[in-house]
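Shown next as structure tokens:
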């Protein structure tokens, strides 16, 4: 997770440490390194910079939309390009002044700093509102929302439900505690988030504030005769308080030269700028976190297991007694043994059961954030049916979202339909493959609803019927069913096992975001060279799924089975 705000740093003279809104959600080691005056801050990756820029552009777009409806007392000092002629309002307010909305107030207390995008006066204090570059709502019902133009008109949304984003709740809790430190918080312990994107056919998330209750009351028990309330496990505010106190102790220790947080791999590492420093330390130690999740790490540490080798050598009695949060300790011991022997995958069964067909089509889409899919790539192989084998891509470099996304999907669908028809006419079986169907199905299912008038657009029922058919195969799910992975099951990690190499030196979906911006001319003239790079990257994705499928059904017998690696000599 990245943020435009700096990490915790001691004041040069007094050693005071103040943490920002992201600290409670960050790993302890990152907080330590951010606060260590001797640690050299790593450069932010190009992809990280692009995420920051996308978030900044989205934030300004929301505020541009909001600015005309703001009351005259609104502060504009953090966003002078929105209203350069509006004098900034001070915060905290002076005297009896209570601006209804405050933009971008820069706040700090003894231990906290924060820059909430909006502060909303509710008559008793201020409520923080953050602008995020991700979806906040889904089709459903019950989410507490209000229009951005009328923040306090909160109601239970009849059409949308809230998406769960723990980082949003923790950041809001941080700003509530910060406002309490300053004496300006509303007693109503909640905060709001304005998102990005939209569920099909519903108002955009960036026109809606989703409100988070940070200290909800206990919920009455449902059913039964005992009555009472359900056990209260935690609340966002209590979770924040616990995590903040821990991270503050870590940052203070780091600022004083102490060591309170050692590296351990967590999900955040994938995008952390400190990972190039932590990874060599973990690899050199053979740290068990390289293999298992953070919950399992804690359980293994409790029985003295800190390395992959120690996990591989666990005795059967310990394995049988060990609880790893619902994960089999025996399974993780197998993974540790496979890692020792250099096998990235282990067969669950003697013969993998991946479906094969006479005519096969590999499919992969490329999309830009929440704006839609701009590229549908296919690779045809198998029995000839009168269409050239190989790669066919359907792309648009027009700005999204827009009709072009519907047109390019309709072209892809026509190609898919033609191939299915040809195979059926020849009496041949047909299957289309993707890697993790949820990504492709998201855009496949949304296109008919968003662009129903595009020529050649299938109906939602036609798309649904195909996605439910045996002709649509999620190869990721097939591999996950038949193999136990030692590391990642991302396509970029599995493809080399099948002997496939990407042409691009740094292939990733994250990098493709900046490539698309260049190809579509979002930051300058359209770049045809980068457009070609995207097409080759997409072609390699569909070639990779074909290579993995062939490896699974033709050559995977060389890797050991779970039963073989479970044996104790």
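Residue numbers (my numbering): 8 to 576. The C-beta atom is built at its ideal place from N, Cα and C for all residues, glycine as well. Just so it is clear, the structure is predicted and the values come from calculations on it, not from any experiment.
- Runs of beta strand (DSSP E) lying entirely within the region 102-174, each at least 3 residues, in chain order: Counting only runs of 3 or more, we get 108-110, 125-128, 133-138, 144-146, 151-154, 167-169.
- Task: Could you give the DSSP three-state label for residue 26: helix, strand or coil?
- Result: Residue state, collapsed to three classes: strand.
- Item | Three-state class that DSSP yields for residue 441 in the structure shown | Strand, per DSSP.
- Item | Straight-line gap, residue 564 to residue 353 (C-alpha atoms, nearest Å) | Taking the straight line joining both Cα atoms gives about 10 Å.
- Item | Distance between beta carbons of residue 558 and residue 505, contact taken as under 8 Å | Right, the Cβ-Cβ distance comes to about 4 Å (below 8 Å), so this counts as a contact.
- Item | Option in 117, 338, 540 with minimal Cα separation from residue 23 | The option with the nearest alpha carbon to residue 23 is 117.
- Item | Reference residue 481; option with closest CA among 424, 381, 442 | Nearest to residue 481 by C-alpha distance, out of 424, 381, 442, is 442.
- Run through DSSP, which three-state label would residue 354 get? DSSP places residue 354 in strand when its eight states are reduced to three.
- Query: According to DSSP, what are the bridge partners of residue 314?
  - Reply: Answer is 294, bridged to residue 314.
- Message: Using CA atoms only, rank isn't needed, just tell me which of 190, 241, 144 is closest to residue 177.
- Response: The shortest C-alpha separation from residue 177 is found at 241.
- Task: Report the option in 543, 490, 315 whose CA atom is closest to the CA atom of residue 560.
- Result: The residue from 543, 490, 315 with its alpha-carbon nearest to that of residue 560 is 490.
- Three-state class that DSSP yields for residue 573 in the structure shown: Collapsing the DSSP output to three states places residue 573 in a helix.
- Task: Report yes if the C-beta distance between residue 318 and residue 345 is below 8 Å; otherwise report no.
- Result: Contact flag unset, no.
- Residue from 154, 357, 541, 162 whose Cα sits closest to the Cα of residue 402: Nearest of 154, 357, 541, 162 to residue 402, Cα basis: 541.
- Would residue 520 pass as a contact of residue 375 if the rule is Cβ separation under 8 Å? Contact annotation: residue 520 and residue 375 have beta-carbon atoms nearer than 8 Å.
- Message: Tell me the residue span of the beta strand (DSSP E) that contains residue 326.
- Response: Looking at the DSSP string, residue 326 is not in any beta strand (DSSP E); the run it does join, the alpha helix (DSSP H), is 323-328.
- Message: By alpha-carbon positions, which one of 309, 316, 271, 359 ends up nearest to residue 329?
- Response: Residue 309 holds the alpha-carbon nearest to the alpha-carbon of residue 329 among 309, 316, 271, 359.
- Query: How far does the beta strand (DSSP E) with residue 197 in it reach, from first residue to last?
  - Reply: Taken as a continuous stretch (DSSP letters only), the beta strand (DSSP E) holding residue 197 covers 197-201.
- Note down the Cα distance separating residue 124 from residue 70, rounded to an integer number of angstroms. So the two alpha carbons sit approximately 9 Å from each other.
- Rounded distance between the beta-carbons of residue 135 and residue 214, thought under 8 Å: Approximately 19 Å separates the beta-carbon atoms of residue 214 and residue 135; this is outside 8 Å, ruling out the contact.
- Selected residue, minimal CA-CA separation from residue 492, among 193, 569, 52, 514: 569 is the residue among 193, 569, 52, 514 whose C-alpha sits nearest the C-alpha of residue 492.
- For residue 126 versus residue 109, is the C-beta spacing smaller than 8 Å? Cβ distance < 8 Å, so residue 126 and residue 109 count as in contact.
- Message: Suppose you measure from the CA of residue 12 to the CA of residue 160; what does that come to, to the nearest Å?
- Response: Low per-residue confidence applies at residue 12: pLDDT is 43, beneath 50, and the placement is therefore not dependable enough to give any value.
- Run of the beta strand (DSSP E) containing residue 394, from where it starts to where it stops: For residue 394, no beta strand (DSSP E) encloses it, and the DSSP letter there is neither H nor E.
- Query: What three-state label does DSSP hand residue 433 in the structure shown?
  - Reply: DSSP places residue 433 in coil when its eight states are reduced to three.
- Range covered by the alpha helix (DSSP H) that runs through residue 257: Run containing residue 257: 243-262, per the alpha helix (DSSP H) assignment.
- Query: In terms of residues, what are the limits of the beta strand (DSSP E) holding residue 215?
  - Reply: In this chain, the beta strand (DSSP E) harbouring residue 215 covers 215-220.
- By the 10 Å Cβ neighbour count, where 16 or more other Cβ atoms means buried, how is residue 72 classified, buried or exposed? With fewer than 16 Cβ atoms within 10 Å of its Cβ, residue 72 is classed as exposed.
- Task: Go through the region 478-559 residue by residue and report every complete run of the beta strand (DSSP E) that reaches 3 residues or more, in order.
- Result: List check, beta strand (DSSP E) in window: 479-481, 490-492.
- Message: Less than 8 Å between the beta carbons of residue 163 and residue 149, yes or no?
- Response: Yes, the pair counts as a contact, with Cβ atoms nearer than the cut-off.
- Message: Can you confirm whether the region 428-441 touches the region 357-370 when touching is taken to mean that 3 or more C-beta pairs between the two stretches lie within less than 8 Å?
- Response: Enough Cβ pairs lie closer than 8 Å, so yes.
- Item | Whole-angstrom distance between residue 271 and residue 288, CA atom to CA atom | Across the structure, residue 288 and residue 271 are spaced so that their CA atoms are roughly 9 Å apart.
- Message: Assess contact between the region 47-56 and the region 260-275, defined as three or more Cβ pairs (one per stretch) separated by less than 8 Å. Is contact present?
- Response: No, the region 47-56 does not touch the region 260-275.
- Query: Is it the case that the Cβ atoms of residue 552 and residue 369 are separated by a distance below 8 Å?
  - Reply: For residue 552 and residue 369, yes; Cβs fall inside 8 Å.
- May I have the straight-line CA-CA distance separating residue 429 from residue 316, to the nearest angstrom? Going by the C-alpha atoms only, they are around 54 Å apart.
- Item | Limits of the beta strand (DSSP E) - the one that residue 69 falls within | Membership of residue 69 in any beta strand (DSSP E) is not indicated; the residue belongs instead to the alpha helix (DSSP H) covering 53-73.
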